[in-house]
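Novice:
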Amino acid sequence: MNRSIVHMDLDTFFVSCERRLDSRLKGKPILIGGTSDRGVVASCSYEARKFGVHSAMPMRMAKQLCPEAIVLRGNSGVYTKFSNEVTDIIKESVPTYEKSSVDEFYIDLTGMDKFFGCNKLASELRQKIIRETHLPISFGLSINKTVSKIATGEAKPNNEIRVQTGNEKPFLAPLSVKKIPMVGKVTYKSLCDLGVKRIKTIQDMPMELMHKVLGKNGLVIWKKANGIDNSPVIQYHERKSISTERTFGQDTTNMHKLKGLVIAMAENLAYQLRRGNKLTACITFKIRYSDFQTYTQQQRIAYTAMDHNIISVVLDLFNKLYNRRLLVRLIGVRFSHLVEGGHQINLFEDNEMHLNLCKAIDKMRERYGDRAVISAAGMEAKTISRWNPFTGEPPPLLANRHQ
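Set out below in structure tokens:
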């Protein structure tokens, strides 16, 4: 059975939110992101893009390209609120949807054409979102997620495209291979080295050649280029890992500051595990020095979610990696190999005091907030994410990112 999959994307979402709050920003070049020297552009208006500015560009470079741009730090909380408004409208209007990011949605309308007509239903939903939220949104409609996502990109700004069944390959053929999801800078360079710049070239290539050049990724790209994608629309995604990291405004060798932040990160992630009734069996620590050399190290442990088990391991990994005596630019902590379940008492390492202390602290955090009770060593880390990673929602995209 042919499917009907819609991909909806809120146009220049952060910028549109700011313009909804302040109509004076309409028609002006806007840059949103970190405002320090290490800031990164999280979003920019179409007026700024005319100057060559794009997302993920260093803010310093963006301001040089577009000096008259209005620079805003952004507010992730406000953007999440507006995103939830759109989610609520979609949720009450369609049978199945997948929120893949704060501003992107996949909707499965398969079978709905018997009653309404899928294109008409998607178009009416788009108009309803624009009418009720005052946010521009575009969509692509086709038989699968890949073609619909590419169609949305072609429809922007604030428009819609339907790719008729059977027209997937002709629609994709003239487009750049950069339009294919998962083709990044490195893969694009590899394809260019082969003389491949248009999707049609991939369509004409044997699948075996793509596999030989790019391995498993080559097979996936070949299928996407030919409009083949059987991935379903999944409303809930089970997380396989959780992580947090921090880029410093100024590189530092302050051991007190570094260790305090490491403890705060580990403590916060451990609480998120307990709140989601999860356990971790693998801890990874990441450090980036001022010369951009990045190192990671991981350690397998017995399944746990307890602070006293986790913090000691994270600090041990930090001590092993912090050995160059250079200024530190970034540190991060990641928990993986997650499984469902409560903590199993270890007769040799756990004691009643540790267990009761964790339970009491968690109760206070649930009642008064994540940072109601924290270790004294981590008190200076005031902006550790408080997002619950186990709700099935995509992670919030920070509006004031740093490199």
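Each step along the sequence shown adds one to the number in the working numbering, with nothing skipped, and position 180 is 185. Ideal Cβ placement from N, Cα and C applies to all residues, glycine included.
(1) Which first and last residues belong to the beta strand (DSSP E) in which Met13 is found?
(2) Using the Cα positions of Val107 and Thr258, report the straight-line distance between them to the nearest angstrom.
(3) In this structure, what does DSSP give as the bridge partners for Val277?
(4) Closer than 7 Å by C-beta to Gly223: which residues in its own chain qualify, once you throw out the five before and the five after it? Chain order, please.
(5) Quick check: the Cα distance between Asp14 and Thr192, rounded to an integer number of angstroms?
(6) First and last residue of the beta strand (DSSP E) that includes Thr409?
(7) Give every residue of the same chain whose Cβ lies closer than 7 Å to the Cβ of Gly158, excluding the five residues on either side of it in the sequence, and list them in chain order.
(8) Looking at Glu173: is its Cβ nearer than 8 Å to the Cβ of Gly232?
(9) Counting only runs of 4+ residues fully inside the segment 257-341, write out the alpha helix (DSSP H) ranges in chain order.
(10) Check each candidate in Lys364, Thr206, Lys125 and Leu30 and name the one with the smallest Cα separation from Val99.
(11) Quick one: complete alpha helix (DSSP H) runs, 4+ long, within the segment 18-80?
(12) Cutting at 8 Å between CB atoms, please list the residues of its own chain near Met178, excluding the five before and the five after it.
(13) So, helix, strand or coil for Phe353, using DSSP?
(14) Return the CA-CA distance between Ile306 and Ser195, expressed in angstroms with no decimal places.
(15) What first and last residue would you give for the beta strand (DSSP E) that runs through Lys104?
(16) Using alpha carbons as the reference points, say which of Pro175, Val333 and Arg279 lies closest to Glu250.
(17) Is it buried or exposed for Gln277, if we count other Cβ within 10 angstroms and need 16 for buried?
(18) For the beta strand (DSSP E) that contains Leu146, what are its first and last residues?
(19) So Ile112 is in the alpha helix (DSSP H); what residue range does that whole segment cover?
(20) What residue from Ile148, Pro186, Asp27 and Gly189 has the CA that sits closest to Gly433's CA?
(21) By Cβ distance below 7 Å, which residues in the same chain neighbour Gly2 in space, the five residues on each side in sequence not counted?
(22) Looking at Phe290 and Phe340, is the spacing between their C-beta atoms short of 8 Å?
(23) So is His261 buried or exposed if we call it buried at 16+ other beta carbons inside 10 Å?
(24) Should Met311 be labelled buried (16 or more other beta-carbon atoms within 10 Å of its own) or exposed?
(25) State yes or no: is the C-beta of Val11 within less than 8 Å of the C-beta of Ile112?
(26) Kindly list the residues whose CB is nearer than 7 Å to the CB of Ser21, restricted to its own chain and excluding five residues on each side of it in sequence; keep chain order.
(27) DSSP state of Thr92, grouped into three classes?
(28) Are the beta-carbon atoms belonging to Ile315 and Ala286 less than 8 Å from one another?
(29) In the segment 147-172, which residue ranges form an unbroken alpha helix (DSSP H) of at least 4 residues, counting only runs that do not cross its ends?
(30) Locate the alpha helix (DSSP H) running through Ala230, then write down its first and last residues.
(31) From Pro237, Gly189, Asn89 and Val182, pick the residue whose C-alpha is nearest to that of Leu114; which is it?
(32) Is the beta carbon of Lys283 less than 8 Å from the beta carbon of Glu345?
(33) Tell me which residue opens and which closes the alpha helix (DSSP H) that Lys133 is part of.
(34) What's the call for Thr151, buried or exposed, on a 16-neighbour Cβ count within 10 Å?
(35) Among residues of its own chain, excluding the 5 on either side of Lys96, which ones have a beta-carbon nearer than 8 Å to its beta-carbon?
Specialist: In terms of the structure at hand:
(1) Ile10 to Leu15
(2) Taking C-alpha positions only, Val107 is separated from Thr258 by approximately 35 Å.
(3) Strictly speaking, residue 277 in this sequence is Gln, with Val absent from that position. Per DSSP, none; premise fails for Gln277.
(4) So the qualifying residues of the chain are Met215 and His216.
(5) One alpha carbon belongs to Asp14, the other to Thr192, and they sit about 24 Å apart.
(6) The structure shown does not extend to residue 409, since the chain is modelled only from 6 to 408, so the question has no answer here.
(7) Lys184
(8) yes
(9) The qualifying runs are 260-280 and 312-326.
(10) Lys125
(11) As far as the segment 18-80 is concerned, its whole alpha helix (DSSP H) runs of at least 4 residues are 18-26, 51-54 and 64-70.
(12) Going by the sequence as given, residue 178 is Ala instead of Met. If we look at Ala178 and ignore the five residues flanking it on each side, its Cβ neighbours are Arg203, Ile204, Lys205 and Gln208.
(13) Any reading at Phe353 needs caution, since the residue's pLDDT is 48, under 50, leaving its predicted position unreliable; the model's value is listed next. In this structure, Phe353 counts as coil in the three-state DSSP scheme.
(14) The alpha-carbon atoms of Ile306 and Ser195 are separated by roughly 38 Å.
(15) If you look at Lys104, you'll find it in the beta strand (DSSP E) that goes Thr101 to Ser106.
(16) For Glu250, the nearest C-alpha among the options comes from Val333.
(17) Buried, by the Cβ-count rule.
(18) Following the DSSP letters along the chain, one finds Leu146 inside the beta strand (DSSP E) bounded by residues Ile142 to Ser147.
(19) No alpha helix (DSSP H) contains Ile112, which is instead part of the beta strand (DSSP E) from Glu109 to Asp113.
(20) Any property of residue 433 remains undetermined from this structure, which presents the chain solely from 6 to 408.
(21) Not covered by the structure: residue 2. The range shown for the chain is 6 to 408.
(22) No, the pair does not count as a contact, with Cβ atoms beyond the cut-off.
(23) The residue is exposed, with fewer than 16 neighbouring Cβ atoms inside 10 Å.
(24) buried
(25) yes
(26) Leu15, Leu140 and Pro141
(27) helix
(28) No, they are not a contact pair.
(29) 150-160
(30) Lys221 to Ala230
(31) Pro237
(32) yes
(33) Cys123 to Thr138
(34) buried
(35) The residues are Tyr102.
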